[in-house]
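Sequence lines, in order, name chains H and V. Going by full-length UniProt numbering, the first residue of the first sequence is number 1, and it counts up by one from there. Going by full-length UniProt numbering, the first residue of the second sequence is number 1, and it counts up by one from there. Ideal Cβ placement from N, Cα and C applies to all residues, glycine included. Step one of this worksheet: look at the structure below.
There are 2 protein chains.
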Amino acid sequence: MKNRLKILRAERDWTQAHLAQHLDVSRQTVNAIEKGKYDPSLPLAFRIARLFGTTIEDVFQYEEGQT
Amino acid sequence: MKNRLKILRAERDWTQAHLAQHLDVSRQTVNAIEKGKYDPSLPLAFRIARLFGTTIEDVFQYEEGQT
DNA sequence: TAACAGAGTCAAGCTTGCTTTACTTTTTAT
DNA sequence: ATAAAAAGTAAAGCAAGCTTGACTCTGTTA
Numbered sequence: 001m002k003n004r005l006k007i008l009r010a011e012r013d014w015t016q017a018h019l020a021q022h023l024d025v026s027r028q029t030v031n032a033i034e035k036g037k038y039d040p041s042l043p044l045a046f047r048i049a050r051l052f053g054t055t056i057e058d059v060f061q062y063e064e065g066q067t
Numbered sequence: 001m002k003n004r005l006k007i008l009r010a011e012r013d014w015t016q017a018h019l020a021q022h023l024d025v026s027r028q029t030v031n032a033i034e035k036g037k038y039d040p041s042l043p044l045a046f047r048i049a050r051l052f053g054t055t056i057e058d059v060f061q062y063e064e065g066q067t
């Protein structure tokens with residue numbers, strides 16, 4: 001699962017900590033997701049997409065057979 | 001989190017077991033998700049949307065402050 | 001009414017998502 | 001070059017997603 005978090009964040013000049021606050025998760029969680037260490041839960045994916053004003057499909061790109 | 005699984009399944013006249021097979025999860029998992037017992041992982045949500053030829057947002061409706 | 005298919009549910013166990021705490025490395029600005 | 005901010009990383013622990021196995025409760029439909 002790839003994602004555009006780093007780009008979306010950069011476009012708004014937000015830090016991982018700032019993003020974490022607005023998503024109500026820890027900074028480490030944002031970092032781990034951004035680095036592709038693991039996938040967010042579906043509810044968190046919704047909150048991320050909503051915060052960036054876009055869709056889950058726009059933020060995350062699923063590729064068959066990786067997880 | 002609400003979902004349209006039962007409807008999408010009915011439109012295609014698929015059983016929970018049939019759906020489970022094509023998603024590569026157990027029948028109990030399909031049942032639990034359909035009944036809203038818990039949310040699917042993000043990868044599984046992608047596979048569900050893809051199988052039904054639609055988007056995650058079309059299958060699942062997130063509502064603030066439930067999970 | 002008996003039998004079968006589909007749906008619902010429960011328990012135990014493993015894996016993954018997320019937390020806190022704490023530390024190291026990289027980037028930015030002075 | 002130094003200091004501060006941001007990013008990266010790791011370990012331990014709890015919560016959520018998913019599994020298998022087994023059992024119940026619905027409809028059908030023969």
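For a contact meaning CB atoms closer than 7 Å, what does residue i contact in chain V?
i                : result
Glu-57 (chain H) : Thr-55, Ile-56
Phe-52 (chain H) : Residues of chain V passing the Cβ test: none, with the nearest at roughly 14 Å.
One question on the structure: do residue i and residue j come within less than 8 Å of each other, judged by their Cβ atoms?
i                : j                : result
Ile-56 (chain H) : Ile-7 (chain V)  : no
Arg-9 (chain H)  : Val-59 (chain H) : no
Pro-43 (chain V) : Tyr-62 (chain H) : yes
Met-1 (chain V)  : Gly-53 (chain V) : no
His-18 (chain H) : Leu-51 (chain H) : no
Name the chain H residues whose beta carbon is nearer than 7 Å to that of residue i?
i                : result
Ala-45 (chain V) : Leu-42
Asp-39 (chain V) : Ser-41, Leu-42, Pro-43
inquiry  = Give the list of continuous alpha helix (DSSP H) stretches no shorter than 4 residues that lie fully inside the UniProt domain "HTH cro/C1-type" (5–59) of chain H.
reply    = 5–12, 16–23, 27–34, 42–51, 56–59
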